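The opening residue of the sequence shown carries number 555 in this note's numbering; numbering runs sequentially from there.
Read through the structure below, which is laid out as structure tokens, and then see the notes.
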Amino acid sequence: MIEDQIKKLVEEHYEGGEAGILLLSQIGMRLTKEGLWPPANDKRTLYEAAEATPDIAVVRDESAKSFIAVVKAGEEQRAVRAIADRQKRYFLRTLPRAFLLAFTLDIADGQVMSVRLGAKISYLAGPVAEEGTIVVDQDLRLPDLDVSDLGELPQADVEKLDTNIRAWCERHHVDPDSLSRVHSKPSSTAPKALSTTQSSALERLYAAQDPEVAKRLSVPIDIALVLSRMP
Numbered sequence: 555m556i557e558d559q560i561k562k563l564v565e566e567h568y569e570g571g572e573a574g575i576l577l578l579s580q581i582g583m584r585l586t587k588e589g590l591w592p593p594a595n596d597k598r599t600l601y602e603a604a605e606a607t608p609d610i611a612v613v614r615d616e617s618a619k620s621f622i623a624v625v626k627a628g629e630e631q632r633a634v635r636a637i638a639d640r641q642k643r644y645f646l647r648t649l650p651r652a653f654l655l656a657f658t659l660d661i662a663d664g665q666v667m668s669v670r671l672g673a674k675i676s677y678l679a680g681p682v683a684e685e686g687t688i689v690v691d692q693d694l695r696l697p698d699l700d701v702s703d704l705g706e707l708p709q710a711d712v713e714k715l716d717t718n719i720r721a722w723c724e725r726h727h728v729d730p731d732s733l734s735r736v737h738s739k740p741s742s743t744a745p746k747a748l749s750t751t752q753s754s755a756l757e758r759l760y761a762a763q764d765p766e767v768a769k770r771l772s773v774p775i776d777i778a779l780v781l782s783r784m785p
């Protein structure tokens, strides 16, 4: 039964205890590569098959429904934490680099860090905040935090940076979404949002990734062909 194979993959993945979160798409790719998916005479989706598998839990990210975590039963909070971390990293990646640096650059004693919001966000450090800028409060700054690669940033640092930025936005009456929605530059290579009712499993796999990850994602041709036919 396909449920036995799914359960085996989940148990093997988490056997060491330190493994990252296992995604349903990864299970699908593994089963397809081994010639086990889709099984004959079984019309269920992989999601339905995984839900029917005993001793495992399937947790969907409601903000990106193709991001589906699979964990052992009883460890659902592990999936919830992974989904929250993904959402925070995604939010931070949408912010202009200058805005992130305003929170993380080290400055000399007596200096004040501030940001200027507009068509182009910029940061300024000086003895006093310039007119038209907003101070980045010292208690919310994280000097020397390396934000050059948000994908490699430890989960605790992601949590702290996200929390502090949102606290700053609330304190200064700034809509967090406006920082990325208004000022981010659309990428011509970024995958477009897709309707889950009209897209294939392959399209949804790409849509669930962050733009930079999607551009580097390589799916073997045999697996891509199978996923492209899956509803």
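All C-beta atoms in this analysis are idealised placements derived from N, C-alpha and C, irrespective of residue type, glycine included.
Nothing here was measured: the structure is a model prediction, and the numbers come from that model.
Requested in this report: Run the CB neighbour count on residue 558, radius 10 Å, all protein chains shown included, and call it buried at 16 or more, exposed below.
Outcome: By the Cβ neighbour-count rule, residue 558 is exposed, with fewer than 16 other Cβ atoms within 10 Å of its own.
Query raised in the report: Is it right to say residue 651 is buried, meaning 16 or more other beta carbons lie within 10 angstroms of its own, or is it exposed?
Result: With fewer than 16 Cβ atoms within 10 Å of its Cβ, residue 651 is classed as exposed.
Requested in this report: Answer yes or no: do residue 656 and residue 665 have a C-beta to C-beta separation smaller than 8 Å?
Outcome: No, these two residues do not count as a Cβ contact at 8 Å.
Query raised in the report: Considering only the beta carbon of each residue, do residue 714 and residue 696 sit closer than 8 Å?
Result: In this structure, residue 696 lies closer than 8 Å to residue 714 by Cβ.
Query raised in the report: What's the gap between the Cα of residue 593 and the Cα of residue 582?
Result: Going by the C-alpha atoms only, they are around 12 Å apart.
Query raised in the report: Under the rule that 16 or more other beta-carbon atoms within 10 Å means buried, what is residue 569, buried or exposed?
Result: By the neighbour-count criterion, in which 16 or more other beta carbons inside 10 Å mark a residue as buried, residue 569 falls on the exposed side.
**Report entry** residue 642 (DSSP reduced to helix, strand or coil)
**Finding:** In the structure shown, residue 642 sits in a helix (DSSP, three-state: H, G or I).
Requested in this report: Please go through the stretch 653–677 and give each complete beta strand (DSSP E) segment of 3 or more residues, from N-terminal end onward.
Outcome: Here the runs fully enclosed are 666–670.
Query raised in the report: What three-state label does DSSP hand residue 574 in the structure shown?
Result: Coil.
Query raised in the report: Cβ atoms of residue 712 and residue 635: under 8 Å apart, would you say?
Result: No, the Cβ-Cβ distance between residue 635 and residue 712 is not below 8 Å.
**Report entry** Which of helix, strand or coil DSSP assigns to residue 632
**Finding:** Residue 632: helix per DSSP, three-state reduction.
Query raised in the report: Can you tell me whether residue 731 is buried or exposed, with buried defined as 16 or more other CB within 10 angstroms of its CB?
Result: Residue 731 is exposed by the Cβ-count criterion.
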